[in-house]
Amino acid sequence: MTDQVLTESLRNIGIIAHIDAGKTTVTERILFYTGRTYKIGDVDAGTAVMDWMAQERERGITITAAATTTHWQDHVINIVDTPGHVDFTVEVERSLRVLDGGVVVFDAVAGVQSQSETVWRQADRYHIPRICFVNKMDRVGADFWRTVEMIKERLSARPVAVQTPIGVEDTFQGVAGLVEMTATFFFEGREEPPQTGPIPDAYRKEAELRREQLIEALAEVDDQMLISYVEHREVSPAELRKALRRATVANLVTPVLCGAALKNKGIQPLLDAVVDYLPSPVEVPPVTGIHPKTGELLERHPRDDEPFAALAFKVVADP
Numbered sequence: 007m008t009d010q011v012l013t014e015s016l017r018n019i020g021i022i023a024h025i026d027a028g029k030t031t032v033t034e035r036i037l038f039y040t041g042r043t044y045k046i047g048d049v050d051a052g053t054a055v056m057d058w059m060a061q062e063r064e065r066g067i068t069i070t071a072a073a074t075t076t077h078w079q080d081h082v083i084n085i086v087d088t089p090g091h092v093d094f095t096v097e098v099e100r101s102l103r104v105l106d107g108g109v110v111v112f113d114a115v116a117g118v119q120s121q122s123e124t125v126w127r128q129a130d131r132y133h134i135p136r137i138c139f140v141n142k143m144d145r146v147g148a149d150f151w152r153t154v155e156m157i158k159e160r161l162s163a164r165p166v167a168v169q170t171p172i173g174v175e176d177t178f179q180g181v182a183g184l185v186e187m188t189a190t191f192f193f194e195g196r197e198e199p200p201q202t203g204p205i206p207d208a209y210r211k212e213a214e215l216r217r218e219q220l221i222e223a224l225a226e227v228d229d230q231m232l233i234s235y236v237e238h239r240e241v242s243p244a245e246l247r248k249a250l251r252r253a254t255v256a257n258l259v260t261p262v263l264c265g266a267a268l269k270n271k272g273i274q275p276l277l278d279a280v281v282d283y284l285p286s287p288v289e290v291p292p293v294t295g296i297h298p299k300t301g302e303l304l305e306r307h308p309r310d311d312e313p314f315a316a317l318a319f320k321v322v323a324d325p
């Protein structure tokens with residue numbers, strides 16, 4: 007029983023994005039706020055934990071996929087940080103084969119970019135459930151809702167916003183969570199935790215409208231939510247969270263969050279979303295492979311009583 011609970015508490019995720027969308031910056035904040043590192047690594051300064059190669063630190067880009075493990079809310083999160091540059095997209099392809107879920111990072115100013123489309127199609131090929139993080143909300147020209155629309159139109163996806171931003175560009179200060187209908191405010195100081203409170207009056211009407219749109223979108227793909235919607239029942243946060251998880255794991259919707267990783271904003275709710283919406287290993291479909299001796303086609307289910315099977319997705323020679 008202990009092993010089963012442990013397996014259900016695992017999240018094997020990859021961070022994927024177009025180059026310079028802030029993917030490694032997001033990963034570095036995740037490691038810091040989960041206690042994996044004691045200081046925040048900086049890509050430009052060459053101190054990012056996940057950019058471990060000398061060439062990566064010199065150029066300030068991710069060249070090869072790097073893996074690490076951290077913890078959040080009694081869950082174990084295995085993270086693969088992948089390259090964003092098109093020249094190294096084969097690293098993304100290799101990594102996706104061993105992932106159960108993905109976090110796709112978008113630039114709030116540029117929206118969906120060319121390599122965003124490439125990595126999205128790669129994730130589609132392996133049927134990877136995803137959540138999206140619209141980064142750089144503090145930049146001039148940032149537009150959360152334009153990016154959500156671009157995800158829908160250019161990626162043929164079904165994005166569902168689970169947050170709405172409070173402020174934009176240099177006034178971006180937090181998010182209104184549409185599941186709990188509470189506001190979370192962030193501070194640039196890395197040591198100061200976010201504060202949760204009521205949604206400000208200036209943003210409450212929009213949040214209520216966006217929550218209704220979220221419920222409508224889920225009602226189109228989830229039977230239990232459809233019943234609540236047509237009977238005009240009040241949908242509780244717990245019901246909404248469960249419906250979001252079912253639809254996300256089934257690859258029917260993609261939850262969208264936002265933040266500004268460089269300013270330490272939006273990381274904790276993103277981690278909550280990883281735990282709440284992305285699948286554990288026991289929730290993914292079985293995999294097929296060829297027996298190395300008999301050539302027989304075999305199927306393996308993610309269960310403890312199944313024979314051992316593994317895939318080495320990356321081999322590193324350390325001189």
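All residue numbers for the sequence shown refer to my numbering, where the first residue is 7 and numbers rise by one. Cβ coordinates follow ideal geometry from the N, Cα and C atoms, glycine included. In this text, all values refer to a predicted model and were calculated from it rather than measured experimentally.
Open item on the list: Is the beta carbon of Thr153 closer than 7 angstroms to that of Gly117?
Closed with: For the purposes of this step, residue 117 is taken as the residue at position 111 of the sequence shown. For the purposes of this step, residue 153 is taken as the residue at position 147 of the sequence shown. In this structure, Thr153 lies closer than 7 angstroms to Gly117 by Cβ.
Open item on the list: Could you compute how far the alpha carbon of Met7 sits from the alpha carbon of Thr177?
Closed with: Indexing the sequence shown from 1 puts residue 7 at position 1. Indexing the sequence shown from 1 puts residue 177 at position 171. With a pLDDT of 40 at Met7, under the threshold of 50, the modelled position of this residue cannot be trusted, and the question is left open.
TODO: Mark Lys29 as exposed unless 16 or more other C-beta atoms lie within 10 angstroms of its C-beta, in which case mark it buried.
DONE: Counting from 1 along the sequence shown, the entry for residue 29 is found at position 23. With 16 or more other Cβ atoms within 10 Å, it is buried.
TODO: Tell me, please, whether the CB atom of Ala266 is closer than 7 angstroms to any CB atom in chain C?
DONE: Of the protein chains in this structure there is only one, and it is not chain C.
Open item on the list: Here's the rule I'm using: 16 or more other beta-carbon atoms within 10 Å means buried, otherwise exposed. How should Lys211 be labelled?
Closed with: Within the sequence shown, numbered from 1, the residue matching residue 211 stands at position 205. Its Cβ having fewer than 16 others within 10 Å, Lys211 is exposed.
Open item on the list: Contact defined as beta carbons within less than 8 angstroms: I believe Asp106 pairs with Pro287. What is the distance between those atoms, to the nearest angstrom?
Closed with: Walking along the sequence shown from the start, residue 106 turns up at place 100. Walking along the sequence shown from the start, residue 287 turns up at place 281. Contact flag correct, Cβ pair sits at about 6 angstroms.
TODO: Answer yes or no: do Glu34 and Ile22 have a C-beta to C-beta separation smaller than 7 angstroms?
DONE: Here residue 34 corresponds to residue number 28 of the sequence shown, with the count starting at 1. Here residue 22 corresponds to residue number 16 of the sequence shown, with the count starting at 1. No, Cβ-Cβ distance for Glu34 and Ile22 is not below 7 angstroms.
- [ ] Rounded to whole angstroms, what's the CA-CA distance from Arg42 to Asn270? Just pull it up for me.
- [x] Reading the sequence shown from its first residue, position 36 is the one you call residue 42. Reading the sequence shown from its first residue, position 264 is the one you call residue 270. If I take the Cα positions, the gap works out to 16 angstroms.
TODO: Using only alpha-carbon positions, find the residue among Ile172, Leu184 and Ala279 that is nearest to Val110.
DONE: Your numbering for residue 110 matches position 104 in the sequence shown. Checked all of Ile172, Leu184 and Ala279; the closest Cα to Val110 is Ala279.
Open item on the list: Please classify Tyr132 as buried or exposed, where buried requires at least 16 neighbouring CB atoms within 10 angstroms.
Closed with: Position 126 of the sequence shown, counted from the first residue, corresponds to residue 132. Taking all protein chains in view, the Cβ of Tyr132 is surrounded by fewer than 16 other Cβ atoms within 10 Å, so the residue is classified as exposed.
TODO: Pull up the distance between the alpha-carbon of Glu302 and that of Phe314, whole angstroms please.
DONE: Residue numbering aside, residue 302 sits at position 296 when the sequence shown is read from its first letter. Residue numbering aside, residue 314 sits at position 308 when the sequence shown is read from its first letter. Those two C-alpha atoms are separated by around 16 angstroms.
TODO: Could you spell out the range, first to last residue, of the alpha helix (DSSP H) harbouring Asp144?
DONE: Reading the sequence shown from its first residue, position 138 is the one you call residue 144. Boundaries cannot be given for Asp144, as no alpha helix (DSSP H) includes it and DSSP labels it neither H nor E.
- [ ] Report the residue from Leu276, Thr254 and Arg217 whose alpha carbon sits nearest the alpha carbon of Pro285.
- [x] Counting from 1 along the sequence shown, the entry for residue 285 is found at position 279. Among Leu276, Thr254 and Arg217, the Cα nearest to that of Pro285 is on Thr254.
TODO: Identify which residue in Leu16, Cys264, Ile221 and Arg251 has its Cα closest to the Cα of Asp113.
DONE: Translated into the one-based positions of the sequence shown, residue 113 becomes position 107. Ranking the options by Cα distance to Asp113, first place goes to Cys264.
- [ ] State the beta-bridge partners of Gly180 as determined by DSSP.
- [x] One-based indexing of the sequence shown puts residue 180 at position 174. Gly180 pairs with Ile172 and Phe191.
TODO: Mark Arg136 as exposed unless 16 or more other C-beta atoms lie within 10 angstroms of its C-beta, in which case mark it buried.
DONE: On the sequence shown, position 130 is the one that residue 136 refers to. Looking at its Cβ environment, which holds 16 or more other Cβ atoms inside 10 Å, Arg136 is buried.
Task: Opposing strand residues paired with Gly301 [DSSP bridges] - done: The residue you call residue 301 lines up with position 295 of the sequence shown. Beta-bridge pairing links Gly301 to no other residue.
- [ ] Determine the direct distance from the alpha carbon of His24 to that of Val322, and round the result to whole angstroms.
- [x] Locating residue 322 in the sequence shown gives position 316, counting from the first residue. Locating residue 24 in the sequence shown gives position 18, counting from the first residue. Rounded to the nearest angstrom, the two C-alpha atoms are 24 angstroms apart.
- [ ] Pair every Cβ in the region 144–164 with every Cβ in the region 122–132, then say whether three or more of these pairs are closer than 8 angstroms.
- [x] When Cβ pairs closer than 8 angstroms are counted between the two stretches, the region 144–164 is seen to touch the region 122–132, the count reaching three or more.
Task: Opposing strand residues paired with Phe3 [DSSP bridges] - done: Within the shown structure, residues of the chain are numbered from 7 to 325, placing residue 3 beyond reach of any answer.
- [ ] Quickly, what does DSSP pair Ile221 with across the bridge? List them, please.
- [x] Position 215 of the sequence shown, counting from 1, holds the residue named residue 221. Under DSSP, Ile221 takes part in no beta bridge, so it has no partner.
Task: Residues that DSSP places opposite Gln271 in a beta bridge - done: In the sequence shown, residue 271 corresponds to position 265, counting from 1. For the record, residue 271 in the displayed sequence is Lys; it is not Gln. Paired residues: Ala266.
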